[in-house]
Every structure is written in C-alpha cells, then in structure tokens.
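Visitor:
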Amino acid sequence: MRDLPGAIGLELGPSPWLTIDQARIDDFARATGDHQWIHVDVDRAARGPFGRTIAHGYLTLSMVPQLLSEILDVTNRGSGVNYGIDRVRFISPVVEGARIRMRGRLTEATPRGEGVRYRLELVIELEGSQRPAMVGEFIVLALP
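Note that the UniProt record's numbering has the sequence shown beginning at 1, numbered continuously upward.
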C-alpha cells in the first residue's frame, strides 16, 4: 500500500469485457426505483431513440467496483473506502446487450494517516465504439 505513491502514472487494464443484459438493467431499476421506460420497457424502447433499452447511467457507474477489482489489486491493505468521485460524465449510452470494460490510470497517491488516498482516472469503454460510455476521477482511501 505504501508503494502506491511510486506508481503514479501507472496504466491499468483493460478489464475483461462485461455484458450489460436486460436482467441486470431490470435488477438495477428495482433496486433504485428508477423504472423509466427507456430502461425497462423493451417494446417501447425498441421504437425510441436508441432502438432498445439502455442501462441507467448510474448502473454503469455502479460497475466501477467490479471492473476496478479486475485491473487493480492493492495488496497489504485491510479495506478500501470510496472517498469521492469527480468529473463523472456519461458520454455514450450503454444499450442492452452491449459489452463494457475499464481502463484507468493512477494519478495521485497521498499518505493519509495509516492509509493511502489515491485518485484514479477511469474510462469505461463500450465495445465497437470510439467514444467511451463513461469517464471520471475516482478517489479511494486504502486502509490498513
């Protein structure tokens, strides 16, 4: 964990591809109460602007912990705590059935007490697209 400051600029990823299927979208809608038709009404969405349902932006955001665990393994720490998120942007819609993956870069690592606070620039890529699904800066506190 104390080695993180020496890893500034480290490129991370890509993670394996992850398919965002309708079951995951429906589960997220139930969990959050966001049942907007563009997410859950398959028939209406087929006639809508994207030709099918799309994942909630916050569903894409919620995939960060899973995808991050695929590209960053911080050893010698007890836990990691979400500390903040800056500059999150949802660039491209994630249509049902699309595959996403993550790339990132460690941009900052600051000792904080017995832990280390680190900042990562993360990009969630969308298979077959030049434009990402989402970008943002994520701040995590790694604790002993």
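Yeah, the Cβ is synthetic: ideal placement off N, Cα and C, and Gly gets one too.
Here the structure is a predicted model, which is why all the values come from computation and not from measurement.
From the DSSP output, in three-state form, read off Ala-133 for me.
Guide: Indexing the sequence shown from 1 puts residue 133 at position 133. Coil, per DSSP.
Visitor: So if DSSP puts Thr-110 in a beta bridge, which residue, or which two residues, is it bridged to?
Guide: Within the sequence shown, numbered from 1, the residue matching residue 110 stands at position 110. DSSP output for Thr-110 lists Arg-117 as bridge partner(s).
Visitor: List the endpoints of the continuous beta strand (DSSP E) containing Ser-79.
Guide: As a first step, residue 79 is located in the sequence shown; it is residue number 79 there, counting from the start. Counting along the chain, the beta strand (DSSP E) containing Ser-79 begins and ends at 79-90.
Visitor: Which residues in the same chain as Gly-48 place their Cβ atom closer than 7 Å to its Cβ, once the five residues preceding and following it in sequence are excluded?
Guide: In the sequence shown, counting from the first residue as 1, residue 48 sits at position 48. Cβ neighbours of Gly-48 beyond the five flanking positions: Ile-38.
Visitor: Determine whether the beta carbon atoms of Pro-132 and Glu-121 lie at a separation below 7 Å.
Guide: As a first step, residue 132 must be located in the sequence shown, where it is residue number 132. As a first step, residue 121 must be located in the sequence shown, where it is residue number 121. No, Cβ-Cβ distance for Pro-132 and Glu-121 is not below 7 Å.
Visitor: Report the three-state DSSP secondary structure of Leu-143 (helix, strand or coil).
Guide: What you label residue 143 is simply residue 143 of the sequence shown in a count that begins at 1. Three-state result, Leu-143: strand.
Visitor: Output the distance between the C-alpha atoms of Gly-134 and Gly-113, rounded to the nearest integer angstrom.
Guide: Position 134 of the sequence shown, counted from the start, is the residue given in the question as residue 134. Position 113 of the sequence shown, counted from the start, is the residue given in the question as residue 113. A quick correction: the sequence has Met, not Gly, at residue 134. Distance between the alpha carbons of Met-134 and Gly-113: 32 Å.
Visitor: Could you tell me the distance, in whole angstroms, from the CA atom of Ala-142 to the CA atom of Leu-72?
Guide: Counted from its first residue, the sequence shown places residue 142 at position 142. Counted from its first residue, the sequence shown places residue 72 at position 72. Computed Cα separation, rounded: 12 Å.
Visitor: Let me know the secondary structure DSSP gives Phe-50 once reduced to three states.
Guide: For the purposes of this step, residue 50 is taken as residue 50 along the sequence shown, with counting starting at 1. Of the three classes helix, strand and coil, the one that applies to Phe-50 here is coil, per DSSP.
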